[in-house]
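Here is the structure we will look at.
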């Protein structure tokens, strides 16, 4: 009802009118702009999107997370850098241009414009003055200059490499872009082929040690991402020795367990190993196996599969010949791609040996206490590492591999030697080498495509490869040529140039850079996007970096995130940065948005369009539902029911504020009169209860926002809105308390549902924009958790009594708190260190209560952990404040009684935190 008119009208907000209006207001007020002279702002960043042309639900979730946190930080008084740009190079744009008979640049610019409009419609608060696109010459110019600086420092090489070639994309892939055991292209899932080409590489392996060591300090990163990088870098300390094969080849192996070499009973090669490839050329069975292994899907692999080559390897420790197999459980990119196999002491070797009926010979056994010797005839006793609790007689390596260190057996003159010492001895004994190996390979950046950063080198027949002079950068892309293969090869006018050194004929490098180069430093360019004499302002970047909160998908764990760490370290070493060696302090990998438990996919036809949700329900509904459904790192199911629920909640908040603003919520100042004629005098206790809940909600939401548990914060907001409705329905609310509650709701909603929050703020005559308002600074009320537990337990006990006793219509409820002496017993019991009853009964004051005190002490002694409780006075006050809730729920008179005012038989049943209850 509209105040004073009696007219009925529809309340609520029209998102199609409200959202654009507030977006314009934010833009006009420069809410999201950050000045260049700010000092150490909060840097909040989402991984920038590839320019596909449309936002999908994963995008919306990612960008809502960072936008919510950036808005939260800004309301807390922080200067916030929250930029957006475009990962604009890449093969998909080139393919789209081919399909549409256009060029990649026009296609990309159209996609950027469309995606920017979609982001703005979602209400994302970016400093658009810092927008960048990696396909712009003023950006990729610095890719080229950094390439040259890296080269000057010896971090760029050009060499013949066996590369991963995608026949569908017609380009090279870095190791990190080859996915799964089936080794398919990360982009199109086509099986990858091996080829040899001259390639430009960044020697990221020069930084392998630091990249892995520094992971321990990234405490703000998920443990699984750090572990993925640790495994990808794959540092292993071990030893290499050579085995002579009957093929005439000398094959090097790398092992961490050289102590087991006497137990080698077969030799294995990865399908991609050079010797395996050579054998396949002359043996159809080997060729078929190698082909199947290289093209098998991950779920088709069998770690016990392999093929005997008919060749043998000589064990340098024993002189024995052992059979050579090609086996796909041997990984080409781990160690050397070849290994001697010891089934007795390696689980995978054991499984393979069982499947192929290969002997299993034990050469290490558990070390008993103080057992071991060196290789001399006389056995001085020495401690040997291993599992001293295992009886050697209980080990049966025919059944299961024994993989721990121990002492050597069946190893000739070395029997009794400890594993660690044996490894040291065997390096020299078998002409080996002790070294550290990495799984990480140098980063191949050459791509045989058009839509990428041209590599700024020219090849001269006399001078070799020569860098393009800095003053001639950027080397811009020529007009797009529709052709198969690399379009830059067909750009004759562009590629034929004079040599910068001798002036003779030269040819430009026609490869472009891997697009992961673009994303390895873009977060630095945001700091000074218009700078034209350096990639970024070094002083400002050193102050503003690292990124405080970075959000993006887990799929980038060993590509983008690893490369960005590498770039940052190199840039600091080259004095582009000072004191910044890691790019991202805190990392969150957002979970997927599912539909009926499945990942959304165009091919499956189960895609929900963000644009449709915005049109039907509004951006705030989509944002609120996503942030309410789960914590950012968790997957969640998108449901229409959930969307409607979010929409209805936001409408209900607006409706409540609208009614209050129009005077349709009757409130009074001071003393509150009870409604419905109940025989209970409700005073300011109700307002005190509601006010404490308002403060607690603000404090809890703040804590949850800080911890990225947005769903918990929003649940607290929902509960507060529900409480305000109960407040209005039960009594005539106190004006200041009710308005304070609505104000806090508006502020707490502002990061997640900013348009609705602005509407509510405006209805409450808030000053300026809520996006620029101060965040609620309330502290958690004293003993709040203890009080809330008391109230909830009391209400639950009333429900249980009503249910068990079958009381249909309770008329009067008496609630009596425990006498003070029981609180004294509780405090003594806490300090009694298990000796509760004697300690309690030694207290002269408690002795007066005789058997009752002893019985209560026994009860406490049996409970173990004793929760904190309020004092008798605070317990009484807390229940008095919450009396109206019990009264409202059961529609009965409620009386809260101190122990002294309650009947003895009732008070005697009460304990601290568990009042006694009588119901008529």
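Numbering (the working numbering), first residue to last: 9 to 928.
Don't be surprised by glycine CBs; every beta carbon is placed ideally from N, CA and C.
The three-state secondary structure of residue 451, taken from DSSP, is strand. The shortest CA-to-CA distance from residue 320 to any of 333, 310, 21 and 75 is the one to 333.
The beta carbon of residue 281 is closer than 7 Å to those of 340, 345 and 346 in its chain, skipping five residues each way along the sequence. Here DSSP, grouped into helix, strand and coil, assigns residue 193 to strand. The DSSP-derived three-state label of residue 787 is coil.
Excluding five sequence positions before and after residue 295, the CB atoms of its chain that fall closer than 6 Å to its own CB belong to 288, given in chain order. In the same chain as residue 183, and ignoring 5 residues on each side of it, the C-beta atoms closer than 6 Å to its own belong to 449, in chain order.
Per the Cβ contact rule, the stretch 53-65 is in contact with the stretch 122-139 (3 or more Cβ pairs under 8 Å). Partner residues in the beta bridge of residue 275, as assigned by DSSP, are 332 and 348. Contact between residue 509 and residue 474 holds, with the beta-carbon distance rounding to 5 Å and staying under 8 Å. Judged by beta-carbon spacing, residue 53 lies beyond the 8 Å limit of residue 651, meaning their Cβ atoms are not closer than that value.
In the displayed model, residue 294 falls within a helix according to three-state DSSP. Per DSSP, residue 51 lies in no alpha helix (DSSP H) segment; the continuous beta strand (DSSP E) that holds it begins and ends at 50-54. For the options 773, 857 and 161, the alpha carbon positioned closest to that of residue 214 is the one of 161. Apart from sequence neighbours up to five positions away, the residues of its chain that approach residue 574 with a beta-carbon distance below 6 Å are 212 and 215, ordered along the chain. Annotation for residue 735: the continuous alpha helix (DSSP H) segment containing it runs 718-738. Taking 8 Å as the cut-off, the beta carbon of residue 531 is found closer than this to the beta carbon of residue 591. Counting the other CB atoms within 10 Å of its CB gives residue 830 a total of 16 or more, which places it among the buried residues. Counting only runs that start and end inside the stretch 830-913, the beta strand (DSSP E) elements of at least 3 residues fall at 901-905. With contacts defined by Cβ atoms closer than 8 Å, residue 588 and residue 550 form a contacting pair.
Listed in chain order, the alpha helix (DSSP H) elements of length 4 or more contained wholly in the stretch 499-573 are 500-503, 530-533 and 546-552. A contact is defined here as three or more CB-CB pairs under 8 Å, and the stretch 659-668 meets this definition with respect to the stretch 718-736. Bounds of the alpha helix (DSSP H) holding residue 710 are 693-714. The three-state secondary structure of residue 58, taken from DSSP, is strand. Boundaries cannot be given for residue 916, as no beta strand (DSSP E) includes it and DSSP labels it neither H nor E.
Rounded to whole angstroms, the Cβ separation of residue 454 and residue 519 is 4 Å, and the two are in contact under 8 Å.
Between residue 355 and the set 375, 407, 236 and 315, the nearest pair of CA atoms involves 407.
In terms of CA proximity to residue 724, 702 leads the group 743, 744, 736 and 702. Contact between the stretch 703-710 and the stretch 781-799 is established, with three or more Cβ pairs separated by less than 8 Å. Leaving aside the five residues that flank residue 82 on each side, the residues in its chain whose CB is nearer than 6 Å to its CB run, in chain order, 88. A distance of 8 Å or more separates the beta carbons of residue 273 and residue 247.
The way I'd put it, the stretch 71-78 does touch the stretch 554-569; three or more beta-carbon pairs between them come closer than 8 Å. Less than 8 Å separates the beta-carbon of residue 302 from that of residue 279.
Taking C-alpha positions only, residue 799 is separated from residue 230 by approximately 38 Å. Between residue 440 and residue 253, the CB-CB gap reaches or exceeds 8 Å.
The three-state reading of DSSP puts residue 27 in helix, counting H, G and I together.
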